[in-house]
Structures are given as structure tokens and as C-alpha cells.
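Trainee:
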Amino acid sequence: MTYEKELKFFRNILNNYKIHSCIIQSDDKTYRKADGGLRDFLGMEEEYDQLFCTPHGSITENMICKITDIFFCNYYFILLPEAKTPTTFIAGPFIDVDLNQNSLMEIAEKNNLPMHIFSHLQKYYSGVPVYTDHDVILSLFNSFGETLWGSTNNFIYKTINMTYNNPSFPTVVKNLDNKTDDALLAMQMLERRYDGERKMIQAVSQGMTHQAEQILSKSSAIMLEMRVPDPVRNIKNYSIIVNTLLRKAAEQGGVHPLYIDGVSTDFAKRIERIRSVEEGVNMHHEMIDKYCQLVKKHSMKNYSSLIQKVIALVDFDITADLSLSRQAEMLNVNASYLSTLFKKETGITLTEYVSKKRIEQAAFLLSSTNLQVQIIAQNCGIYDVNYFTKLFKKHTGKTPKEYRESSVSF
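Going by this note's numbering, the letters in the sequence shown line up with residues 7 to 416, in that order.
#1: Pairs of beta-carbons, one from the stretch 335 to 344 and one from the stretch 305 to 318, closer than 8 Å: are there three or more?
#2: Among Ser109, Asn80, Met111, whose alpha-carbon lies nearest the alpha-carbon of Asp102?
#3: Are the CB atoms of Phe348 and Leu356 nearer to each other than 8 Å?
#4: Tell me the DSSP bridge mates of Leu85?
#5: At what residue ranges does the stretch 231 to 293 contain a whole run of the alpha helix (DSSP H), taking only runs of 4 or more?
#6: Taking DSSP as the reference, what is the three-state secondary structure of Ile365?
#7: Straight-line CA distance for Arg253 to His304?
#8: Mind checking who Gln31 pairs with in its DSSP beta bridge?
#9: For the structure I just gave you, are there three or more beta carbon pairs, one from the stretch 236 to 243 and one from the stretch 277 to 297, closer than 8 Å?
#10: Going by the CB atoms, is the gap between Thr93 and Ile29 shorter than 8 Å?
#11: If we call anything under 8 Å between Cβ atoms a contact, is Phe147 one with Trp155?
#12: Looking only at DSSP bridge pairs, what is Val136 linked to?
#13: Any idea what DSSP makes of His401, helix, strand or coil?
#14: Looking only at C-alpha atoms, which of Ile221, Ala368, Ile65 sits nearest to Tyr82?
#15: Using DSSP with H/G/I as helix, E/B as strand and the rest coil, what is Lys307?
#16: Along the beta strand (DSSP E) that carries Asn167, what are the first and last residues, could you check?
#17: In whole angstroms, what is the alpha-carbon distance linking Gly260 and Lys296?
#18: Quick one, are the C-beta atoms of Gly387 and Ala326 less than 8 Å apart?
#19: Just grab the DSSP bridge partners of Ile73 for me.
#20: Hey, how far is the Cα of Leu127 from the Cα of Ile266?
#21: Excluding five sequence neighbours on each side, which residues of the same chain lie with their C-beta closer than 7 Å to the C-beta of Pro87?
#22: Alpha carbon to alpha carbon, how far is Val320 from Ser223? Give it in angstroms, no decimals.
#23: Can you find the residues in the same chain that come closer than 7 Å, C-beta to C-beta, to Glu351, ignoring five residues on each side of it along the sequence?
#24: State whether the stretch 202 to 210 contacts the stretch 282 to 292, with contact taken as three or more CB pairs (one from each stretch) at a distance under 8 Å.
#25: Do you know offhand how far Ala255's Cα is from Leu328's?
#26: Whose CA, out of Ser245, Val379, Glu197, lies closest to the CA of Glu408?
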């Protein structure tokens with residue numbers, strides 16, 4: 007096929023939208039996994055053929071077909087051109103209606119569903135992406151149609167609605183009377199959840215922001231289980247879990263708790279002020295960014311425990327007495343040993359490191375505030391302004407005044 011790269015790119019886009027896609031041929035049975043195993047669980051195996059095979063007679067070349075099944079889930083079907091054997095591209099499921107907990111409870115009550123079936127349906131829908139603005143998804147497929155056939159005039163769009171065929175839940179209940187795989191399903195859900203958590207922790211511990219966000223997006227539907235009726239309280243509870251996981255990930259990435267605690271505490275306070283699910287989801291992305299930045303900036307994974315403490319003490323209070331003798335006294339180690347070890351692990355002396363950090367802070371204050379040079383020097387732990395000016399020029403090549411004048415105005 008001449009459009010293989012474009013097809014791969016389109017599937018990556020759908021994947022970022024958390025919409026599963028697959029490619030099947032006429033004798034391929036992999037479509038039976040396209041609905042996430044819902045029909046297998048409900049004992050409705052015959053529904054697979056009705057959804058994924060029967061409509062194929064209605065799908066022709068140069069057509070994009072959207073099918074809404076009996077569970078209000080949407081799927082897109084495209085008969086791919088240039089294939090040697092009939093090959094169908096299937097994308098879904100996703101829903102464009104808000105099937106919240108209350109509506110699911112009404113369905114369960116109406117059909118006398120036992121709790122274990124209701125719980126499974128609840129978990130299933132929590133993992134199906136929701137796009138109430140269907141035009142967003144439609145525009146993606148229209149764009150892909152233009153890629154396949156050149157113009158919107160060269161293909162047609164068709165919809166098939168199966169929602170009028172209500173599933174026979176009483177029969178489902180009867181079929182499940184002797185079903186014993188609930189524990190297995192629960193185990194599989196937990197395994198997927200913990201696998202997602204492990205992958206996210208690993209990505210954050212390496213400071214890989216983009217990868218961590220992708221993993222969070224893919225795993226959030228599994229991790230975000232409706233445990234309480236209130237969706238806002240539920241997103242708060244989930245946010246607490248995410249904050250804890252990311253805190254541990256940063257620590258695993260070699261960040262000292264001194265740096266982590268402030269970020270973690272700030273998010274813990276903000277979580278309780280969340281007022282909507284959307285606000286909570288946005289905060290998760292901010293968490294990913296902040297904790298990954300911590301790893302990139304403060305990871306001390308390659309340093310010994312002693313040197314990690316020294317660096318953390320320097321960063322904690324740049325105005326303190328950070329001399330070699332004072333550090334050695336606080337850490338109860340020999341000053342000569344500390345000096346040798348610090349130079350060995352960092353490549354510079356402790357005095358050079360402290361000076362570097364102080365000048366970095368001074369440069370920031372010079373470019374972002376209008377504080378007097380003498381005040382800035384004191385805020386960087388240097389109380390002799392003449393010595394500060396000499397040290398600053400040694401590191402930057404400019405006097406504090408020259409540096410401020412050359413910086414962006416504040």
C-alpha cells in the first residue's frame with residue numbers, strides 16, 4: 007500500500023486520543039478483542055459477528071462508516087484501498103454521551119443487574135474515551151479520508167445505529183450464573199493498573215516528561231476507578247495517588263526528599279481545592295512536568311549519600327555558612343575526606359560549587375528584580391559587596407551592573 011506511513015501516523019494520532027485501532031482481513035478473528043472483551047464477559051459472543059461482520063456488506067470502497075453499537079460505543083470502519091485481500095480498518099470504541107455513574111445505575115436497576123455485572127460495566131466504561139464533541143473525531147477521519155482518496159468529494163460518510171437493539175440483560179445474567187472468572191478479570195485489571203504505574207514511575211525517574219504523559223494518558227482510565235459516587239471526590243482521590251507515585255518516582259530518580267517535599271506538599275494542598283474533573287486531569291499533566299523537572303535539575307543518582315547531603319544543604323540555604331569546615335562539622339566527617347570525596351564525585355571543589363550556586367542565584371536576581379546589588383549579595387550569602395563584585399565578574403565576565411544592563415528588562 008502506498009499510504010503505509012500515513013496510516014501508521016494516523017493510528018498514532020488515534021492512540022494519543024486513547025482510541026484503539028486494528029486492521030483485519032476477512033478470515034481474521036482478532037476483531038473479537040476490539041471491544042475490550044466486553045461481549046466475552048457478558049456471554050454475548052454472537053454479538054461480535056453482528057457488530058464486526060454483518061455491517062461489512064454495507065461498507066463499500068471509498069466509504070467511512072461509523073457504527074454505534076448496543077452499548078452506545080462508536081466504531082469507525084474503512085475498507086482499505088489497494089489491499090490484495092479485503093482488509094478493514096477498525097477504530098474504537100469511544101463514546102459521545104456522558105454515561106456517568108447515575109445513568110449506569112439506572113440501567114442496572116432497570117435490568118435487575120447483579121452487583122458484579124454492574125461493577126464490570128462501570129469499570130469498562132471508565133476505560134472508554136469520551137468525546138462529547140464528536141466533530142473533533144469526525145475531522146480526524148475526514149482528514150484521513152482525504153489522504154486515502156485525495157478529496158472529500160471522492161468518499162462518502164455513513165452511519166449505522168444499533169442502539170435500538172437493547173442487549174438482553176436477563177439472558178446475560180442467566181449466562182453468567184455459573185461464570186467463575188470474576189476473580190481472574192479483577193486480577194487482570196489490577197495487573198494492567200500496576201503495570202501502568204510501574205512504567206510511569208520509571209519514565210518520571212528518568213525525567214522523561216513526554217513519555218510519562220503518554221503513559222499517564224493511556225493508564226488513567228484503568229487507574230481512575232470510580233470508588234465513590236462523587237466524580238470530583240473521585241478525581242481528588244486519584245490525584246492523591248498520582249502525587250504519591252510521582253513523589254516516589256522522583257526519589258527513585260535520585261532527587262533528595264528536601265527538593266521533593268515542597269512540590270509534594272504544594273500539590274497536596276491544591277488537590278483539595280479541585281472543583282472539577284477537568285481541573286484534576288490538567289493538574290496531573292502539571293504534576294508530570296514538575297516532578298520530571300525535579301529529576302532533570304536535582305537528580306543526584308550518581309553521587310554518594312554523603313555528597314547528596316552536602317549538595318542538598320547548599321541548595322536549601324545559599325545564605326548559610328557553607329564552608330568546608332562547617333559542612334564537615336555538621337555532617338560529622340573529616341574535612342579533608344569530605345573535600346577529596348566532593349572533588350572526586352563532582353569534578354570541582356566544594357568552594358567552587360558553592361560560589362557557582364551563589365553566582366547563579368545572583369544572576370537570576372539581577373535579571374528579574376530591581377534589588378540593590380548589596381542586597382542581592384547578602385541574599386546570596388556574600389556580605390562584602392566588593393568581594394561579591396569581583397567574584398561575579400570572575401564567573402560571568404561582567405560586573406553586576408553590566409550584567410543587569412545586558413539582561414532583559416523586568
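For each residue, glycine too, the CB sits at the ideal point set by N, CA and C.
Mentor: A quick look at the data gives this:
#1: Contact holds: three or more Cβ-Cβ distances are below 8 Å.
#2: As a position in the sequence shown, residue 102 is number 96, starting the count at 1. For the residues Ser109, Asn80, Met111, the minimum Cα distance to Asp102 belongs to Asn80.
#3: Taking the sequence shown and counting its residues from 1, one reaches residue 348 at position 342. Taking the sequence shown and counting its residues from 1, one reaches residue 356 at position 350. Contact flag set, yes.
#4: Counting from 1 along the sequence shown, the entry for residue 85 is found at position 79. Bridge partners of Leu85: Thr94.
#5: 237 to 258, 263 to 277
#6: To locate residue 365, count along the sequence shown from 1; it is residue 359. If DSSP states are grouped into helix, strand and coil, Ile365 belongs with the helices.
#7: Along the sequence shown, read from residue 1 onward, the residue named residue 253 stands at position 247. Along the sequence shown, read from residue 1 onward, the residue named residue 304 stands at position 298. Rounded to whole angstroms, the gap between the alpha carbons of Arg253 and His304 is 13 Å.
#8: In the sequence shown, the residue the question calls residue 31 occupies position 25. Answer by DSSP bridge pairing, in chain order: Thr93.
#9: yes
#10: Locating residue 29 in the sequence shown gives position 23, where the first residue counts as 1. Locating residue 93 in the sequence shown gives position 87, where the first residue counts as 1. Against a cut-off of 8 Å, the Cβ pair of Thr93 and Ile29 comes out as a contact.
#11: Start at 1 with the first residue of the sequence shown, and residue 147 comes out as number 141. Start at 1 with the first residue of the sequence shown, and residue 155 comes out as number 149. Not in contact: Phe147 and Trp155 (Cβ atoms no closer than 8 Å).
#12: The residue labelled residue 136 in the question sits at position 130 within the sequence shown. Partner(s): Ile101.
#13: By one-based count along the sequence shown, residue 401 stands at place 395. Judged by DSSP in its simplified three-state form, His401 adopts helix.
#14: By 1-based counting over the sequence shown, the position of residue 82 is 76. It is Ile65.
#15: Within the sequence shown, residue 307 is the residue found at index 301, counting from 1. If DSSP states are grouped into helix, strand and coil, Lys307 belongs with coil.
#16: The residue given as residue 167 occupies position 161 in the sequence shown. Per DSSP, Asn167 belongs to the beta strand (DSSP E) from 162 to 167.
#17: In the sequence shown, counting from the first residue as 1, residue 260 sits at position 254. In the sequence shown, counting from the first residue as 1, residue 296 sits at position 290. Cα to Cα, the separation comes out at about 15 Å.
#18: Taking the first residue of the sequence shown as 1, we reach residue 387 at position 381. Taking the first residue of the sequence shown as 1, we reach residue 326 at position 320. Taking 8 Å as the Cβ cut-off, Gly387 and Ala326 qualify as a contacting pair.
#19: Reading the sequence shown from its first residue, position 67 is the one you call residue 73. Answer is Tyr81, Ile166, bridged to Ile73.
#20: As a working note, residue 127 is residue 121 in the sequence shown. As a working note, residue 266 is residue 260 in the sequence shown. Cα-Cα distance, rounded: 38 Å.
#21: Locating residue 87 in the sequence shown gives position 81, counting from the first residue. Correct list, in chain order: Glu67, Leu154.
#22: Start at 1 with the first residue of the sequence shown, and residue 223 comes out as number 217. Start at 1 with the first residue of the sequence shown, and residue 320 comes out as number 314. For Ser223 and Val320, the distance between alpha carbons rounds to 37 Å.
#23: To locate residue 351, count along the sequence shown from 1; it is residue 345. Excluding residues within five positions, the ones whose Cβ falls inside 7 Å are Tyr309, Ser310, Ile313.
#24: These segments do not touch.
#25: On the sequence shown, residue 255 is found 249 positions in, with the first residue counted as 1. On the sequence shown, residue 328 is found 322 positions in, with the first residue counted as 1. Each residue's alpha carbon lies about 29 Å from the other.
#26: Residue mapping note: residue 408 aligns to position 402 of the sequence shown, counting from 1. Measuring from the Cα of Glu408, the nearest candidate turns out to be Val379.
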